[in-house]
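Below is one structure; the comments refer to it alone.
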Amino acid sequence: MEKSRIDLPIGVTLDRFIKSKESEYPSAVGAFSQLLRDIALAAKVVNRELNKAGLIDIMGNVGNYNAGGDEQKKLDILANTRFIRALSKGGEVCGIISEESESFVDLENDGKYIVALDPLDGSSNIDVNVSVGTIFSIYKRITTINTALTETDFLQKGKYQIAAGYILYGPSSMLVFTTGNGVNGFTYEPSLGEFVLSNPNIYCNEEGNIYSINEGLSNSIIDLKVKKYIQNCKDNEYTARYIGSLVADFHRNLLKGGIYLYPATTKYPNGKLRLMFESNALAFVIEQAGGKATNGEMDILDIQPTTIHHTSPLYIGSKNMVNSLS
Ligand code: AHM
Ligand code: MG
């Protein structure tokens with residue numbers, strides 16, 4: 004199907020953008036638009052909290068561990084609460100899964116949509132004032148409305164996402180998302196309190212020369228072709244860039260061309276990154292921007308999750324770079 008690319012001018016607000024694109028959203032008369040607005044609202048609130056994080060005593064750990072075994076930071080909890088609150092109050096979402104929670108939340112309403120959320124990705128970077136992000140995926144519920152949700156509603160392949168994206172909290176904060184019609188980026192204008200269109204129709208170059216991997220893991224990478232690929236990057240004097248915040252590393256490579264790699268290692272034999280909270284959303288975005296995402300064997304979007312916290316290796320970015328790895 005021919006994609007209708009964005010024709011709205013740079014500077015248009017997210018709200019106006021959503022309104023003008025309503026007819027393209029799957030079976031949505033307002034509901035899906037409202038859901039995107041709810042996400043933007045939560046993003047603004049989290050952005051505000053992050054901006055003052057250095058000023059008040061909300062930084063640091065709370066001493067608990069999330070479902071993946073990572074130590075939770077205070078701002079992890081805060082972001083989780085803000086997003087869940089905004090999505091629950093909006094009424095369009097019936098179920099939520101979050102990287103910060105063990106199992107799914109059934110909101111027991113007649114909403115049509117399921118949201119998977121990593122409320123604050125890269126949170127080990129919070130205390131050192133480095134960019135972090137929120138990642139989200141939106142699916143339609145599978146079971147009948149007004150019945151109890153089941154795991155089937157959540158364990159959907161990434162290819163069934165109807166929208167996905169991320170918020171990057173950085174020097175400027177950005178909301179980047181796709182509804183399956185290309186990728187658009189909005190920059191937050193704090194004095195207006197609005198996200199405005201700044202990067203329409205984002206396209207990821209098929210070639211790139213940036214590679215992003217935690218090279219401290221080199222000795223424990225299981226897949227030999229990944230080791231060879233990294234050597235190849237060095238032989239070609241590619242640029243190594245790794246922030247350790249997936250959203251920030253991904254965003255840079257999306258705009259400049261490059262590849263992000265999180266392979267299987269002896270510590271994480273199935274990879275570290277979560278399919279439902281991290282990889283699927285970014286895979287949908289990169290494919291819509293002309294790039295590619297695989298686990299080394301198959302497209303990320305074709306993987307059937309077996310649990311909510313399913314992990315897999317992730318190779319994502321410029322199409323030809325990802326192809327030459329697989
Ligand atoms: P998190 O969701 O607990 O923050 O973990 C995911 C993060 C990614 O943002 C980042 O790319 C990766 O973990 C870094 O892992 P490592 O420190 O092993 O390189
Ligand atoms: Mg994460």
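Here our numbering runs 3 ahead of the position in the sequence shown, where the first position is 1. Glycine residues also receive a C-beta, built at the ideal position from the N, C-alpha and C atoms. Everything numeric in this text was worked out from a predicted model, so none of it was measured.
**OP:** Check Ala56 in the structure and name its three-state DSSP category.
**Re:** For Ala56, the three-state secondary structure derived from DSSP is coil.
**OP:** Check each candidate in Leu158, Tyr206, Lys237, Ser91 and name the one with the smallest Cα separation from Val179.
**Re:** It is Tyr206.
Subject >> Same chain only: Cβ atoms within 7 Å of Asn323, ignoring 5 sequence neighbours per side >> reply: Taken in chain order, the residues that qualify are Glu209, Glu210.
Original post:
For the segment 217–231 against the segment 269–277, are there 3 or more C-beta pairs whose distance is under 8 Å?
Top reply: Yes, the segment 217–231 is in contact with the segment 269–277.
**OP:** State yes or no: is the C-beta of Leu285 within less than 8 Å of the C-beta of Pro308?
**Re:** Pro308 sits away from Leu285, with the two beta carbons spaced by 8 Å or more.
**OP:** Please list, following the chain, all residues that have a C-beta closer than 5 Å to any non-hydrogen atom of the ligand MG.
**Re:** The set, ordered by position in the chain, is Asp121, Asp124.
Subject >> beta-carbon Leu81 near the ligand AHM non-hydrogen atom, thresh 7 Å >> reply: No.
Original post:
beta strand (DSSP E) containing Asn212: first to last residue?
Top reply: No beta strand (DSSP E) contains Asn212, which DSSP labels as neither H nor E.
Subject >> Under 8 Å between C-beta atoms of Asn298 and Ser315 >> reply: Yes, these two residues count as a Cβ contact at 8 Å.
Original post:
Could you give the C-beta distance for Val118 and Val96, rounded to a whole number, given that I count them as a contact under 8 Å?
Top reply: Contact holds; Cβ gap of about 5 Å.
Original post:
Does the beta carbon of Asp3 fall short of 7 Å from some heavy atom of the ligand AHM?
Top reply: Any answer about residue 3 is impossible in this case: the structure gives the chain only from 4 up to 329.
Original post:
Which residues in the same chain as Glu5 place their Cβ atom closer than 8 Å to its Cβ, once the five residues preceding and following it in sequence are excluded?
Top reply: A caution first: Glu5 carries a pLDDT of 45, below 50, which makes its placement in the model unreliable, though a value can still be read off. Result list for Glu5: empty, nothing under 8 Å.
Original post:
Between Ser331 and Gly125, is the Cβ-Cβ spacing less than 8 Å?
Top reply: A question about residue 331 goes unanswered here, because the residues of the chain that appear run from 4 up to 329.
Original post:
On the three-state DSSP scale, how would you describe Met177?
Top reply: Reduced to three states, the DSSP call for Met177 is strand.
Subject >> Residue range of the alpha helix (DSSP H) that includes Gly93 >> reply: Judged by DSSP secondary structure, Gly93 falls within the alpha helix (DSSP H) whose first and last residues are 77–93.
Original post:
Are the Cβ atoms of Gly98 and Leu158 separated by less than 8 Å?
Top reply: Cβ distance not < 8 Å, so Gly98 and Leu158 don't count as in contact.
Original post:
Are the segment 226–241 and the segment 101–108 in contact at 8 Å, needing three or more beta carbon pairs?
Top reply: Too few Cβ pairs lie closer than 8 Å, so no.
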